[in-house]
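A.B. asks:
Protein chains: 2
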Amino acid sequence: MEQQDQHLLANDKKLNEKFLDDVFQILKKIILECKTGNGKVIDFKTPDQLIKEIDLTLPLKGQSDEEIINFIKLVDKYSVKTSHSHFFNNLFGGSNEYSLAGDYFTSTINGSMYTYEMAPVFNFMENAIQQLFAERYLKWSTIDGVFCPGGSQSNFYGILAARQHKYPEFKRKGLRALPDLKLFTSELAHYSIEKGAIMLGFGLDSVVKIACDEEGRMIPEEFEKEIQKCIQEGSVPLMVNLTCGTTVFGVVDPINKCTEIAQKYNMWVHIDGCWGGHLIFLEEFRNKYSLISQADSFAWDAHKLFNVPQQCTAFFTRHVGLLHEANALGSDYLFMKDKKLYDATKYDSGDKTYQCARHIDVFKFWIYWKHFGTLGLEQIVADSLETTKYFAQLVKDHPNCELINEPEYVSVSFFYYPDSFLKRKELGEDKTEKFWEDMHNIPPIIKAKMVEQGTMMVAYQKQNQKSIQRKNFFRFIFTADKGKEEAQFALNEIHRLGKDL
Amino acid sequence: MEQQDQHLLANDKKLNEKFLDDVFQILKKIILECKTGNGKVIDFKTPDQLIKEIDLTLPLKGQSDEEIINFIKLVDKYSVKTSHSHFFNNLFGGSNEYSLAGDYFTSTINGSMYTYEMAPVFNFMENAIQQLFAERYLKWSTIDGVFCPGGSQSNFYGILAARQHKYPEFKRKGLRALPDLKLFTSELAHYSIEKGAIMLGFGLDSVVKIACDEEGRMIPEEFEKEIQKCIQEGSVPLMVNLTCGTTVFGVVDPINKCTEIAQKYNMWVHIDGCWGGHLIFLEEFRNKYSLISQADSFAWDAHKLFNVPQQCTAFFTRHVGLLHEANALGSDYLFMKDKKLYDATKYDSGDKTYQCARHIDVFKFWIYWKHFGTLGLEQIVADSLETTKYFAQLVKDHPNCELINEPEYVSVSFFYYPDSFLKRKELGEDKTEKFWEDMHNIPPIIKAKMVEQGTMMVAYQKQNQKSIQRKNFFRFIFTADKGKEEAQFALNEIHRLGKDL
């Protein structure tokens, strides 16, 4: 125990430089391997295998630095490299030294966002980013908001703000005192609107899901029909969530038309831009969807297309002070107004959130932004779209593939037919249910192969819409770090693993 | 633009080792300065000053590495060092290489927790920690839970679980279909219960605040009276939140008595151990509050007393499957059940949360635990209590101080009387309102002085209870890194800054 006691001393003054240097070497290796696409994307073990390969128990007595370094290397071995250049699986990816530097830094100072006193620089940064978004991208004359832990939370803030805006008495009386409120969203919207409906006390029955067209966009006429039905039934249409970048196809709801309809019925317009909100960096997009300027709130995950580590999510609203009105309790021990050195009512942001302490998420994005510059960020979005178009063309040109729709953002969805299925198609079998039942199994099999070999990761899913049911297909994501080389590799790899099935 | 274009290449393969090494040097300097207590806790600038000292605009064109490194150094200069050995301000603090290593690592691999496939090792770690808590500390025979972003969220999960447990139909129908539910908590409980009541749709009127005794603990008789009143008024007592470590005094509600009362009325028992839950590492505490074994849920922030970077929060419940029942939507694109390589129904955890992607918070705590061992963690808690008692004794022995109550945890609250106030006390002025109005100003003035000089940070607050009103007093926090030397420094510093006021 003597050796251990040394660590336990509260005022141990040594810097364990050797240990830190060893850790930094591991980090550099991971960053480099991800950039170069060397090493496996995943060294997959089943739960039964994994538990044999790595000791996942916690020791009674402390372990040595050497044991810990070796353990970290083992965790590295069995962890998914989401930043690997052959990771096309989820809506994030890529690694860069700048945002990592920001993230390491905030972990080290271990700050929190709730008062100016605790995080003076970072509170200014949040405000500066909001102002820039308002002026350059959202075209709002006023802005308020908060960084929060993930896109789902940001959408929750949208629902919360809508509720508070229309029913200020809600904060005290709760939902039981309000009429039957309905939340509108498309059938292909992210499930966080439904999770939010549960979480926030509305219940799933309050969510009205609007049918989408074949491309996956909310149908405005269906939207208006559902509003009218809701009113006839004595309910109140509270808000609509418009998706900017659906989870699978990455398409954008008809924002202009739907906003006009929502405004006619005095509804809050929330835009879920968590995935596709990066499109707002492009002038052409802003011109096309000009009524974003009239949206009431906007959710955005900086960590999605850009290669900024999770989590880095913003919630923006045009309605200044509404978040504070919705959440503030004015707790004595934290948000005292008698601070001597600055105006706490103006600069302490914590009470406007439903969190208390808040992780500093803004800095990793700030450093990233400084490195690329505003024009650079805009270029990255344009480049990612360019790579996506290139990949979609490869898919269209490939005899074994069928593109499901032209990408509007950086998602590419397509069916892959192994050679034997091509033959069955020629015989007209693709008109039968059996053919599609068999096709449904293909992506899971190919995925299992690539995971076992660790060469690549990509998502597959089925998609059921009111008007159309689609069996399992692949969905590739082209985040900032993916180029034409990776795109070409990806399609070749699917074909290599799948053609003989 | 040529130089910039290079950065924008999606498949840029260089590792910017020079930049990373420069960052690592900055990190090491911060860690060392915090450990040794060199450098300022805070280099405070008012908002107007700060905006002149540091350029908080985002550039159109990207900046050079040198500019960025210099900028990070400037942010370092103006950021609060929560890990500094003279930081007694909030309920967290301290820095150590082990938990930082874990945090740097998870940022670098940029993973997410929602499926086994995405985070095999980390999902196992969350489960292992839960099991250990159940067996060794909570004395529960079953456990389920989730790591979530902060203590407030963890308390929200407690309310959510209580709601789902009693009213499974709630998920679909929402709160409007339920009777008038009441949430009970002490008047000194953390405000997250109230924020949760707003957030989750209950409204503030649903929160019943029970009076505390002079020490700050919920009075069981008052609790039962309020339940009976609630029932008489036709409402339903849904749950009680028992605080294990109140925010200011750090005392523990009478868990055994209150649990017995709550069970009599069929209420859910949630324990908010976010701050004081570390006490559960001590056998004596577990024996005293043995009915923790019958609590339905428990919230705990690993990042509070232990020097683990924020955020690292757990929510535990005895009711296996309840979180899944409450939150699951079975989204097709993420939680497919047709995975070939493992049993997704058993190992994918994402759908049981109301989040989607989840930051990997467990690893920084895991590495910390490996370094100290289970016995080491228990010792750290005991050591922190020891330092706290030492400081409380210093306060009691100091002529200018008045301890408010004997600490049960690592918080020490006391009034500080400048010399002139001691004289006024001798004249009996402390019976007058004027005296306490003047006393109320003393802590903000002393705090402003220490912040301006950057020597220390500590919290002050007033506290209004139903039975007693207290004007501003100091509250010191003794987290893992604080020893007797820091304790002695702290009291001397208050006296140095305050005695002549």
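As they're listed, the protein sequences go chains A and B.
Under my numbering, think of the first position of the first sequence as 982, with each following residue one higher.
Under my numbering, think of the first position of the second sequence as 982, with each following residue one higher.
Ideal Cβ positions, reconstructed from N, Cα and C, are used throughout, including at glycine.
These figures come from a predicted structure and were not determined experimentally.
In whole angstroms, what is the alpha-carbon distance linking residue 1257/B and residue 1264/B?
C.D. replies: Here residue 1257/B corresponds to residue number 276 of the second sequence, with the count starting at 1. Here residue 1264/B corresponds to residue number 283 of the second sequence, with the count starting at 1. Their Cα atoms are separated by approximately 14 Å.
A.B. asks: Helix, strand or coil: how does DSSP classify residue 1157/A here?
C.D. replies: Working through the first sequence from its first residue, we reach residue 1157/A at position 176. Helix.
A.B. asks: What is the DSSP secondary structure of residue 1453/B, counted as helix, strand or coil?
C.D. replies: Counting from one through the second sequence, the residue named residue 1453/B turns up at place 472. Of the three classes helix, strand and coil, the one that applies to residue 1453/B here is strand, per DSSP.
A.B. asks: Compare the C-alpha of residue 1367/A against each of 1348/A, 1387/A, 1380/A and 1476/A and name the closest.
C.D. replies: Taking the first residue of the first sequence as 1, we reach residue 1367/A at position 386. Comparing Cα-Cα distances from residue 1367/A to each of 1348/A, 1387/A, 1380/A and 1476/A, the minimum goes to 1387/A.
A.B. asks: Where does residue 1298/B sit, in a helix, a strand or coil, going by DSSP?
C.D. replies: Translated into positions along the second sequence, residue 1298/B becomes position 317. In the structure shown, residue 1298/B sits in a strand (DSSP, three-state: E or B).
A.B. asks: At the 8 Å Cβ level, is residue 1337/B part of the contact set with chain A, yes or no?
C.D. replies: The sequence position of residue 1337/B within the second sequence is 356, counting from 1. Yes, its Cβ sits closer than 8 Å to a Cβ of chain A.
A.B. asks: Do residue 1186/A and residue 1182/B have their beta-carbon atoms positioned less than 8 Å apart in this structure?
C.D. replies: As a first step, residue 1182/B must be located in the second sequence, where it is residue number 201. As a first step, residue 1186/A must be located in the first sequence, where it is residue number 205. No. Outside cutoff.
A.B. asks: Just curious, the beta strand (DSSP E) that residue 1445/A is in, first and last residue?
C.D. replies: On the first sequence, position 464 is the one that residue 1445/A refers to. From DSSP, the beta strand (DSSP E) with residue 1445/A extends over 1438-1445.
A.B. asks: With a threshold of 8 Å between beta-carbons, can residue 1249/B be considered close to chain A, or not?
C.D. replies: Locating residue 1249/B in the second sequence gives position 268, where the first residue counts as 1. Residue 1249/B does not count as touching chain A.
A.B. asks: Could I get the ranges of all uninterrupted beta strand (DSSP E) runs contained in the stretch 1203-1239 of chain A, with 3 residues as the minimum, in chain order?
C.D. replies: Fully enclosed beta strand (DSSP E) runs of 3 or longer: 1217-1224.
A.B. asks: Kindly list, in the order they appear in chain B, the residues whose Cβ is closer than 7 Å to that of residue 1484/A.
C.D. replies: Outside the shown range of chain A (982 to 1482) lies residue 1484/A, about which nothing can therefore be said.
A.B. asks: If you run the structure through DSSP and keep just helix, strand and coil, what is residue 1415/A?
C.D. replies: Walking along the first sequence from the start, residue 1415/A turns up at place 434. Three-state DSSP puts residue 1415/A in a helix.
A.B. asks: I'd like to know whether the C-beta atoms of residue 1302/A and residue 1280/A end up nearer to each other than 8 Å.
C.D. replies: Working through the first sequence from its first residue, we reach residue 1302/A at position 321. Working through the first sequence from its first residue, we reach residue 1280/A at position 299. Going by C-beta atoms, residue 1302/A is not nearer than 8 Å to residue 1280/A.
A.B. asks: Quick one: grab the DSSP three-state call for residue 1533/B.
C.D. replies: This structure leaves residue 1533/B out entirely; chain B is present only between 982 and 1482.
A.B. asks: Are there 16 or more other CB atoms within 10 angstroms of the CB of residue 1212/B, so buried, or fewer, so exposed?
C.D. replies: By 1-based counting over the second sequence, the position of residue 1212/B is 231. Classification for residue 1212/B: exposed.
A.B. asks: Kindly identify the DSSP beta-bridge partner or partners of residue 1190/B.
C.D. replies: In the second sequence, residue 1190/B corresponds to position 209, counting from 1. In the DSSP output, where bridge partners are listed per residue, residue 1190/B has 1166/B.
A.B. asks: Hey, is residue 1099/B's beta-carbon within less than 8 Å of any beta-carbon in chain A?
C.D. replies: By 1-based counting over the second sequence, the position of residue 1099/B is 118. So yes, residue 1099/B belongs to the interface.
A.B. asks: Check the Cβ-Cβ distances between residue 1189/B and every residue of chain A, and say whether any is below 8 Å.
C.D. replies: Counting from 1 along the second sequence, the entry for residue 1189/B is found at position 208. No, residue 1189/B lies away from the interface with chain A (no Cβ there is under 8 Å from its Cβ).
A.B. asks: Between the stretch 1388-1422 of chain B and chain A, which residues of the former have a C-beta closer than 9 Å to a C-beta of the latter?
C.D. replies: Cβ contacts with chain A: 1421 and 1422.
A.B. asks: Flag this pair as yes or no: are the beta carbons of residue 1438/A and residue 1474/A separated by less than 8 Å?
C.D. replies: Taking the first residue of the first sequence as position 1, residue 1438/A is located at position 457. Taking the first residue of the first sequence as position 1, residue 1474/A is located at position 493. No; because the gap between Cβ atoms is not below 8 Å, this pair is not in contact.
A.B. asks: Going by DSSP, what residue range makes up the alpha helix (DSSP H) through residue 949/A?
C.D. replies: This structure does not reach residue 949/A, given that chain A is present from 982 up to 1482, and the question cannot be answered.
A.B. asks: Please classify residue 1469/A: is it buried, with 16 or more other beta-carbons within 10 angstroms of its beta-carbon, or exposed?
C.D. replies: The count along the first sequence starts at 1 and reaches residue 1469/A at position 488. Flag for residue 1469/A reads exposed.
A.B. asks: Output needed in chain order: residues of the stretch 1094-1121 of chain A with a Cβ under 8 Å from some Cβ in chain B.
C.D. replies: Listed by position along the chain: 1097, 1098, 1099, 1100, 1101, 1102, 1103, 1105, 1106, 1109, 1110 and 1113.
A.B. asks: What number of angstroms, rounded off, separates the C-alpha of residue 1364/A from the C-alpha of residue 1461/A?
C.D. replies: Reading the first sequence from its first residue, position 383 is the one you call residue 1364/A. Reading the first sequence from its first residue, position 480 is the one you call residue 1461/A. So the two alpha carbons sit approximately 8 Å from each other.
A.B. asks: Taking DSSP as the reference, what is the three-state secondary structure of residue 1125/A?
C.D. replies: On the first sequence, residue 1125/A is found 144 positions in, with the first residue counted as 1. Strand at residue 1125/A.
A.B. asks: In the structure shown, what three-state DSSP assignment does residue 1022/B receive?
C.D. replies: Counting from one through the second sequence, the residue named residue 1022/B turns up at place 41. Three-state result, residue 1022/B: coil.
A.B. asks: My output table needs one value for residue 1482/A: the three-state DSSP class, helix, strand or coil.
C.D. replies: Your numbering for residue 1482/A matches position 501 in the first sequence. The answer is coil: DSSP assigns residue 1482/A none of H, G, I, E or B.
A.B. asks: Going straight from the alpha carbon of residue 1451/A to that of residue 1153/A, what length do you get?
C.D. replies: As a first step, residue 1451/A must be located in the first sequence, where it is residue number 470. As a first step, residue 1153/A must be located in the first sequence, where it is residue number 172. Between residue 1451/A and residue 1153/A, the C-alpha separation is close to 45 Å.
A.B. asks: Please list, in chain order, all residues of the same chain as residue 1111/A whose beta carbon is under 6 Å from its beta carbon, the five residues on each side excluded.
C.D. replies: One-based indexing of the first sequence puts residue 1111/A at position 130. Same-chain partners within the cutoff: 1124 and 1126.
A.B. asks: Taking Cβ to Cβ, would you say residue 1220/A is nearer than 8 Å to residue 1335/B?
C.D. replies: Position 239 of the first sequence holds residue 1220/A. Position 354 of the second sequence holds residue 1335/B. Against a cut-off of 8 Å, the Cβ pair of residue 1335/B and residue 1220/A comes out as no contact.
A.B. asks: According to DSSP, is residue 1255/A helix, strand or coil?
C.D. replies: If you number the first sequence from 1, residue 1255/A lands on position 274. Reduced to three states, the DSSP call for residue 1255/A is coil.
A.B. asks: Three-state secondary structure (DSSP) at residue 1359/B?
C.D. replies: Position 378 of the second sequence, counted from the start, is the residue given in the question as residue 1359/B. DSSP places residue 1359/B in helix when its eight states are reduced to three.
A.B. asks: With 7 Å as the C-beta to C-beta threshold (strictly closer), list the residues of the stretch 1274-1294 of chain A near chain B in chain order.
C.D. replies: Result list: 1290, 1291 and 1292.
A.B. asks: Smallest Cα separation from residue 1116/A: which of 1323/A, 1343/A, 1273/A and 1382/A?
C.D. replies: Along the first sequence, read from residue 1 onward, the residue named residue 1116/A stands at position 135. Of the listed residues, the one whose Cα sits closest to residue 1116/A is 1273/A.
A.B. asks: Could you spell out the range, first to last residue, of the beta strand (DSSP E) harbouring residue 1382/B?
C.D. replies: As a position in the second sequence, residue 1382/B is number 401, starting the count at 1. Run containing residue 1382/B: 1382-1384, per the beta strand (DSSP E) assignment.
A.B. asks: By the criterion of Cβ-Cβ separation under 7 Å, what are the contact partners of residue 1455/A in chain B?
C.D. replies: Your numbering for residue 1455/A matches position 474 in the first sequence. Per Cβ cutoff of 7 Å: no residues; residue 1455/A is ~12 Å from chain B at best.
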